[in-house]
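Heads up: the structure comes next, in structure tokens.
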Amino acid sequence: MQLSREALLRAYRQMKVIREFEERLHVDIQTGEIAGFTHLYCGQEAVAVGVCEHLDNDDKIVSTHRGHGHCLAKGCDVNGMMKEIWGSRDGLCKGKGGSMHIADVDKGMLGANGIVGAGAPIAVGAGIAAKIDGKGKVAITFSGDGACNQGTTFEAMNMAVVTKAATIFVFENNHYSEHTGYQYAVGTSGDIASRAEAFGMKVWRGDGTDFFSVYETMREVLDYVRVPGNGPAAVEFDTERFFGHFEGDPQRYRGPGELDRIREMRDCLKNFRKSVTDAGLLEHSDLDALDAEVLEAIEESVRQAKAADRPTAEDVLTDVYISY
Amino acid sequence: MAKMMYRDAVVSTIAEEMERDENVVCLGEDIVGGMGTPGGPEAIGGIWSTSTGLFGKFGADRVIDTPISESAIMGAAAGLALSGKRPIAELMFADFIGVSLDQIWNQIAKFRYMFGGKTKCPAVIRMAYGAGYNAAAQHSQAVHQILTGMPGLKVVMPTTPADVKGLLRTAIRDDDPVIFLEHKALYGVSGEVPDDPDYMIPFGHARLSRAGQDVTIVSTGLLLGFCEAVADKLAAEGIGCDVIDLRTTSPLDEETILDSVEVTGRLVVVDEAPPRCSLGADICALVAEKAFASLKAPPLSVNPPHTPIPFARELESAYLPSVDKIEAAVRKVLSYR
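Each protein sequence line maps, in turn, to chains D and G.
Numbering-wise (the working numbering), the first sequence opens with residue 1 and increments by one.
Numbering-wise (the working numbering), the second sequence opens with residue 1001 and increments by one.
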């Protein structure tokens, strides 16, 4: 394991921020104060963080319908995120995007997406731009087992290969596309990566509930794609979704005891804690201190979101090209 | 002033802007042509000859020939635009918007607003539209009424080579997404074009192509020439027509339309798209709302019938608003009392 103590603490903190941010949303949404649809990423933190810890602001990511984790892992401001989801005027997108449409281009975060499968072609464009610039930067598109069945994803994979775009297709198989199992919906017996292989891409696979598996696999993928001329690559991570498709989804499609089992056995935060403490790299007390710090930061973000200015009717007409 | 064809105004403007700004890149199906064939690159140069020579001059990084994948082309344009480039994406036929609509409508058009105004998306989407080639229902449509109805897009419809030059340059230098609609039956039309390398026409400024006191005719694209023919014919009878070429449907130059109608009191809108929810309906409503007191006759819209576009020559001619149909509409508003 090559990670420094500092890097380990940072990775854990990033995953914990996503977890607590969303666990708190899960509670607050039930009060009815937060409007709209919210799709939680909890359980998949190791993927977002294991990927984004390798990136800087000049590397781009294009996110999904379930985008909070990617946004936070790519460096979007926690308070700005919370305010946006609460619809505040000084949210990251001025309350105009909301949960499904958060972006921060300065951080290389090109947008969550309300349309499943829409992100992959955008990442091809960003990957072509990276190729043209020749500085070894990359564009990453996250797609779930739902998005992998959209034609856009197929078009994007082929076009990335043809144009040798510096694009990485990260497939997060969390086993459910909305309310339907991947064994049913992904026709290649649930194997997404083999599709990318069929398009001529080099392919990797990893355990998306294990930060170290994601991190090390992504190091290899990035070493490959950052070489000018190599073109795109794909990686599939097997992971878990702790909550339903959307907040309020009663998850009747889950098997008996399934959620308890994955919370117990496949929680990337628990697994991280166990492996670093077993290996003597960090103490439980180090992580406990971080837990307390993150909880306070999330509490503060909610305090700020609740106190923040609400948008006014005049704000409807800003940031448009033409008002009629 | 140089004389050039509409299609040459397209390719020369793109070349000049690519020369001026290294961030301008082109992408589309067969914009190079011949990739992966024995004949090799530049065997085609774009099916409308609107990218001829660009590949040889700027190379494969900036003139990107794509597979037939309209969603991926529009999505790539979005990603390029969000990454500091200024893409010019060609959709070979405007009819193909359906294939790529999510990327145009839900992505490109919405980024700036949805992301709180912090994002620029300087993408130009060029497409050939319109009837006149007997290409029938899936290769002849005028799609401006669909795209004009989408907030977040600017929609440009040049009629003359000079307008192609001035409007395309404005589109490429604009930080927001622009739909640039080229009428396929106008590609071979010639006209004088200003030589100024910074010649630009601002969006939302219509052009008065004929001036008169008696009736206002609003149109754009191929049918503008039909309107001018009617105006010239009526001028011989002492009837004066204001013929307004909109040039952009969004933003719409309401002022020029309303100023004209306030003088003439009579309005005919001639539009190549189907009648329901059309440009004609929109402008007639605008005038009814804002210049009602000036009206001496009910405003009229001349559109094709509400049918898909037919194939046979006789049928396509019957489908399109003709000079005779436009003249009849003008005489009808003139005769109203």
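Glycine included, C-beta positions come from ideal geometry on N, C-alpha and C.
Between the CA atoms of residue j and residue i - distance to the nearest angstrom
| i | j | result |
| --- | --- | --- |
| G:T1148 | G:L1320 | 21 Å |
| G:G984 | D:A305 | Chain G is shown only over 1001 to 1337; residue 984 of chain G falls outside these bounds and no answer can be derived. |
| G:L1167 | G:V1287 | 26 Å |
| G:D1065 | G:C1241 | 45 Å |
| G:Q1145 | G:K1003 | 31 Å |
| D:V221 | D:V235 | 8 Å |
| D:E283 | D:C93 | 39 Å |
| G:A1184 | G:R1126 | Note on residue identity: the sequence assigns Lys, not Ala, to residue 1184 of chain G. If I take the Cα positions, the gap works out to 12 Å. |
| G:N1023 | D:G206 | 37 Å |
| D:V170 | G:G1204 | 43 Å |
| D:K131 | D:A166 | 6 Å |
| G:K1325 | D:A35 | 53 Å |
| D:R5 | G:C1026 | 47 Å |
| D:K270 | G:G1059 | 52 Å |
| D:A11 | D:G50 | 8 Å |
| G:T1216 | G:P1194 | 28 Å |
| G:V1342 | G:D1282 | Absent from the model: residue 1342 of chain G. The displayed extent of chain G is 1001 to 1337, so no value can be given. |
| G:V1269 | G:G1238 | 21 Å |
| D:S99 | D:I122 | 19 Å |
| G:S1294 | G:S1260 | 10 Å |
| D:P228 | G:A1142 | 42 Å |
| D:C268 | G:R1247 | 57 Å |
| D:E299 | D:V17 | 11 Å |
| G:Y1133 | G:S1250 | 27 Å |
| D:K60 | D:G119 | 12 Å |
| G:A1297 | G:A1328 | 14 Å |
| D:F272 | D:G280 | 12 Å |
| D:C42 | D:I262 | 12 Å |
| D:T152 | D:F237 | 20 Å |
Beta strand (DSSP E) segment containing residue i, residue limits
| i | result |
| --- | --- |
| G:H1355 | Coverage of chain G is limited to positions 1001 through 1337, which leaves residue 1355 of chain G absent and any answer about it impossible. |
| G:K1154 | K1154 to V1156 |
| D:R266 | Careful: D:R266 lies outside any beta strand (DSSP E) and carries neither H nor E. |
| G:I1073 | Taken as a continuous stretch (DSSP letters only), G:I1073 belongs to no beta strand (DSSP E), being part of the alpha helix (DSSP H) at E1070 to L1082. |
| G:I1146 | Element bounds for G:I1146: not the beta strand (DSSP E) but the alpha helix (DSSP H), H1144 to T1148. |
| G:D1065 | V1063 to T1066 |
| D:E53 | Taken as a continuous stretch (DSSP letters only), D:E53 belongs to no beta strand (DSSP E), as it is neither H nor E. |
| D:V227 | Where D:V227 is concerned, there is no enclosing beta strand (DSSP E), given that its DSSP letter is neither H nor E. |
| D:G69 | Not the beta strand (DSSP E): D:G69 falls in the alpha helix (DSSP H), residues H68 to A73. |
Residue(s) in a DSSP beta bridge with residue i
| i | result |
| --- | --- |
| D:D207 | D:D238 |
| G:C1241 | G:V1215 |
| D:G181 | D:Y176 |
| D:F142 | D:V170 |
| G:L1267 | G:T1216 |
| G:V1124 | G:I1088 and G:V1178 |
| D:D104 | D:M109 |
| D:V186 | Bridge partners of D:V186: none, in fact. |
| G:S1051 | DSSP output for G:S1051 lists no bridge partner at all. |
Delimiting residues of the alpha helix (DSSP H) encompassing residue i
| i | result |
| --- | --- |
| D:L110 | No alpha helix (DSSP H) contains D:L110, which DSSP labels as neither H nor E. |
| G:H1183 | Segment V1178 to H1183 is the beta strand (DSSP E) holding G:H1183; no alpha helix (DSSP H) there. |
| G:T1170 | P1161 to R1173 |
| G:Y1133 | Element bounds for G:Y1133: n/a, residue is neither H nor E. |
| D:P121 | G119 to D133 |
| D:S301 | H284 to A307 |
| G:V1287 | L1279 to K1290 |
| D:G151 | G151 to T163 |
| D:K16 | R5 to I29 |
| D:K83 | V78 to I85 |
Proximal chain C residues relative to residue i, where beta-carbon distance stays under 7 Å
| i | result |
| --- | --- |
| G:S1049 | This model lacks chain C altogether; the protein chains it does include are D and G. |
- Query: For the region 154–165 of chain D, which residues have a beta carbon sitting closer than 7 Å to at least one beta carbon of chain G?
  - Reply: E155, A156, N158, M159, V162 and T163
- the region 183–202 of chain D contacting the region 1112–1127 of chain G, beta-carbon criterion three pairs below 8 Å: no
- Check distances from the C-beta atoms of the region 57–70 of chain D to those of chain G and list, in chain order, the residues that come in under 9 Å. K60 and V62
- Message: Pairs of beta-carbons, one from the region 1302–1317 of chain G and one from the region 1276–1283 of chain G, closer than 8 Å: are there three or more?
- Response: yes
- Query: For the region 1159–1179 of chain G, which residues have a CB atom closer than 7 Å to at least one CB atom of chain D, in sequence order?
  - Reply: D1176
- Message: For the region 20–34 of chain D against the region 238–257 of chain D, do three or more pairs of beta-carbon atoms, one drawn from each stretch, fall closer than 8 Å, so that the two count as touching?
- Response: yes
- Query: the region 1111–1136 of chain G: which residues have C-beta closer than 8 Å to a C-beta of chain D, in chain order?
  - Reply: F1111, R1112, Y1113, M1114, F1115, G1116, G1117, K1118 and T1119
- May I ask you to list, following chain order, the residues of the region 1246–1260 of chain G that have a beta carbon less than 7 Å from some beta carbon of chain D? S1250 and P1251
- Task: Determine which residues of the region 306–323 of chain D have a Cβ less than 9 Å from any Cβ of chain G, and write them out in chain order.
- Result: T318, D319, V320, Y321 and I322
- Could you please tell me which residues of the region 72–96 of chain D, in chain order, have their CB closer than 9 Å to any CB of chain G? E84, G91, L92, C93, K94, G95 and K96
- Message: Any C-beta of chain D within less than 8 Å: which residues of the region 1076–1108 of chain G qualify?
- Response: A1076, A1077, A1078, G1079, L1080, A1081, L1082, S1083, G1084, K1085, P1087, D1102, Q1103, N1106 and Q1107
- Query: Taking a cut of 9 Å between CB atoms, which residues from the region 1142–1155 of chain G lie near chain D?
  - Reply: P1151, G1152, L1153 and K1154
- Going along the region 115–130 of chain D in order, which residues come within less than 9 Å of chain G, judged by CB to CB distance? I115, G117, A118, G119, A120, P121, I122, A123, V124, G125, A126, G127, I128, A129 and A130
- Do the region 1092–1112 of chain G and the region 111–118 of chain D make contact, defined as three or more Cβ pairs closer than 8 Å? yes
- Query: Are the region 1087–1099 of chain G and the region 132–146 of chain D in contact at 8 Å, needing three or more beta carbon pairs?
  - Reply: no
- Indicate whether the contact test is met: 3 or more Cβ pairs, each with one atom in the region 1117–1126 of chain G and one in the region 1167–1179 of chain G, closer than 8 Å. yes
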